[in-house]
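Numbering (the numbering used here), first residue to last: 1045 to 1192.
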């Protein structure tokens, strides 16, 4: 009763891109908030990339949402996030201000859903280069090693 709850409000996070959570819509883009968080944590680009991809396949999203869980083996530490993100057989279709559907190019079937934070690893040239390293068939072990 001696604690002023309002004094802690400025310490509450506004977003956590690693867990695909955002308190509300802001002027700042979600992917920019992710970069800010990663910088505050002292992460390099490759470290941010491998951490986010690993957390997605492990299913650590806030509230159990499935945005960015680009795998059929949720809970297993695999490089599926990067393999499916960079797969040219998929297309991204916007379905809201921060929501996308990942569709099969041939059938049009929805395979997964994503947020802007997830897709920045496919649209930003530098982050995509990191994603493509982890997406390679022979880099599954490197992904696990780097994540751990």
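Heads up, the beta-carbon is just placed ideally off N, CA and C, and yes, glycines get one too.
The C-beta distance from residue 1119 to residue 1102 rounds to 6 Å, short enough to fall under 8 Å. Taking 3 residues as the minimum length, the beta strand (DSSP E) runs contained wholly in the segment 1102 to 1147 are 1134 to 1140, in order along the chain. For residue 1150 and residue 1056, the gap between their C-alpha atoms comes out near 44 Å.
When the beta-carbon positions are compared, residue 1129 and residue 1098 stay at least 8 Å from each other. Nearest Cα to residue 1178 within the set 1106, 1127 and 1169: 1127. By the beta-carbon neighbour count (other beta carbons within 10 angstroms, threshold 16), residue 1052 is exposed. No Cβ-Cβ contact shorter than 8 Å links residue 1062 with residue 1121. By DSSP's assignment, residue 1157 forms a beta bridge with 1145. Using a Cβ distance threshold of 8 Å, residue 1147 and residue 1135 count as a contacting pair. Note that the segment 1102 to 1116 does not touch the segment 1078 to 1089; fewer than 3 beta-carbon pairs, one per stretch, sit closer than 8 Å. Rounded to whole angstroms, the separation of the alpha carbons of residue 1076 and residue 1189 is 27 Å.
Residue 1078 holds the alpha-carbon nearest to the alpha-carbon of residue 1059 among 1050, 1175, 1047 and 1078.
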